[in-house]
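Numbering (this note's numbering), first residue to last: 7 to 174.
Dropping the structure here:
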């Protein structure tokens, strides 16, 4: 008991410091809504397709909901279009699950990050790409190869139905 009386001031200061550190950390880094070890797969279903995915991280920071997508490899001058589309897909999935709009997203490369706004235009672009894919896979004759790159063909999602595929 003498120990506590003798060190009460230091104990109170330590508790205040810990609470302050927690608040500072929460303000600086935000509250995690969804992250690396989350097992939930987001789903969006329509009559024509099911869209599913797992964002890398979703944080709530200063009242804003932010979806993060982390990328390895070389840092580009501007975000790759595929990565922007991926974030657009996560915006759609987030709204489907949480019934609210994420404010924006971040594509984070090793040396730089890019803020991607959650716009109706981006989400329409995602939905149009999905519709194009569904149309092209329903009508394989519409699939047109625009290159002579075997690597591209090998990784192409249309190669099974493509009459012009360089590889099978």
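No residue lacks a Cβ here, since even glycine has one placed at the ideal position from N, Cα and C.
query, result
"Beta strand (DSSP E) segment containing residue 49, residue limits", "48–51"
"Inside the stretch 84–116 only - alpha helix (DSSP H) runs reaching at least 4 residues", "87–104"
"Where residue 79 sits in the DSSP three-state scheme", "coil"
"Whole-angstrom distance between residue 153 and residue 99, CA atom to CA atom", "33 Å"
"CB contact flag (residue 73, residue 97, <8 Å)", "yes"
"Beta bridge counterpart(s) of residue 126 as assigned by DSSP", "For residue 126, which the question treats as bridged, DSSP gives no partner whatsoever."
"From 166, 140 and 75, residue whose alpha carbon lies closest to that of residue 53", "140"
"CB-CB length for residue 49 against residue 102, believed under 8 Å", "7 Å"
"Local Cβ density within 10 Å of residue 77, reported as buried at 16 or more and exposed below that", "buried"
"Extent of the continuous alpha helix (DSSP H) to which residue 157 belongs", "156–161"
"When 113, 61, 167 and 161 are compared against residue 144, the one with the closest alpha-carbon", "167"
"First through last residue of the beta strand (DSSP E) which encompasses residue 6", "Residue 6 lies beyond the range of the chain shown here (7 to 174); nothing can be said about it."
"Proximity below 8 Å, CB of residue 113 to CB of residue 51", "no"
"Span of the beta strand (DSSP E) around residue 166", "Per DSSP, residue 166 belongs to no beta strand (DSSP E) and is neither H nor E."
"Own chain partners of residue 84 with C-beta closer than 8 Å, once the 5 adjacent residues on each side are dropped", "120"
"Simplified DSSP state of residue 60, which is helix, strand or coil", "coil"
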